[in-house]
Amino acid sequence: MLDLRIPTSAAWLETVLANFDSFLVDHAACERKASATGMSFVVRYPDRKELLDDMIEFAREELEHFHRVYRVMAQRGLMLDKDYRDEYVRALRQQARQGGTDGLIDSLLVAGVVEARGCERLKMVADALPAAHELKEMYMDLARAESRHHAFFFRLARFYAPFSEVRARADELLDYEATVVERLPIEARVH
């Protein structure tokens, strides 16, 4: 499992709750991009048969999450936004080695780190919503899914290298992720 080095600040949660519609629009985009990430693994690594079925299932589940969040947006009269570059994800991907098995391992670990941060933040949102809030259960469900997903990516990475090597590389990426979280502005976004 991936252990985040620093917790998300309370200021982030306050910003999200004060701008919840903006958060929903961003959250939908994140779920759509996560689905696309799963399919990009399928396209980039068709020869890695051991990950294909699980990655397709991951992409399908993330697409369903996108649809859930989109339905909430539609009920609120919100519209999807144009695609944009997520600076958090971009910064993490820049740390990934390129090519071969090392590149695959890093891509899996980066995806796992992103899912771990998403898990933490969606759970924060779920915990902050009142018990009777219409979205509390959805955010709890999504936080649980993010937890499964970050474990899934870490498990897949371990398929390609010994645990000690994968753990050491994950530790490096998690250390870097903490610096990214500290330097990015606090916005009503998942990342």
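Count along the sequence shown from 1, then add 66; that gives the number in the working numbering.
From the three backbone atoms N, C-alpha and C, an ideal C-beta is built for every residue, glycine too.
For residue i, does the count of other Cβ atoms within 10 angstroms reach 16, so buried, or fall short, so exposed?
i: K148; result: exposed
i: L146; result: exposed
i: A76; result: exposed
i: D172; result: buried
i: L205; result: As written in the sequence, residue 205 is Tyr, which differs from the Leu given in the question. Label assigned to Y205: buried.
i: V109; result: exposed
i: H93; result: buried
i: E97; result: buried
i: A223; result: buried
i: E238; result: exposed
i: F132; result: buried
i: A95; result: buried
Pick from the options: whose alpha carbon is nearest that of residue i?
i: T103; options: F219, R255 and R183; result: F219
i: V179; options: R224, A236, R114 and I171; result: A236
i: K99; options: P196, N85, E127 and L240; result: E127
i: A182; options: E203, A211, H199 and D152; result: A211
i: L201; options: R114, T245 and F89; result: F89
i: D207; options: V135, S101 and W78; result: V135
i: L250; options: Y111, V155 and Y150; result: V155
i: D323; options: R255, E248, A244 and V256; result: Because the chain in this structure spans residues 67 to 257, residue 323 falls outside the shown range and cannot be described.
i: H199; options: E130, S230 and V138; result: V138
i: P228; options: T167, D113 and L240; result: T167
i: L240; options: P196, L195 and L174; result: L174
Kindly list the residues whose CB is nearer than 6 Å to the CB of residue i, restricted to its own chain and excluding five residues on each side of it in sequence; keep chain order.
i: Y242; result: Q161
i: R163; result: G169 and D172
For residue i, which residues in the same chain have their Cβ closer than 7 Å to its Cβ, ignoring the five residues on either side in sequence?
i: D209; result: The identity of residue 209 in the sequence shown is Ala, whereas the question assumes Asp. The residues are C185, L188, K189 and A192.
i: R159; result: V176
i: F225; result: E116
i: E253; result: T81
i: E203; result: none
i: Y111; result: L117 and L170
Assuming residue i and residue j make a contact with CB atoms under 8 Å, what is their CB distance in whole Å?
i: V91; j: L144; result: 6 Å
i: F124; j: H215; result: 7 Å
i: V247; j: I72; result: 6 Å
i: L118; j: S101; result: Not quite, the Cβ-Cβ distance comes to about 15 Å (not below 8 Å), so this is no contact.
i: D87; j: R151; result: That belief does not hold up - the Cβ atoms of D87 and R151 are roughly 21 Å apart, past 8 Å.
i: L79; j: A194; result: 6 Å
Are the C-beta atoms of residue i and some chain C residue less than 8 Å apart?
i: E116; result: Among the protein chains of the structure shown there is no chain C, as only one such chain exists.
Got a sec? Which residues, its chain only, sit under 8 Å from residue i by beta carbon, not counting five neighbours each side?
i: I122; result: G104, M105 and V108
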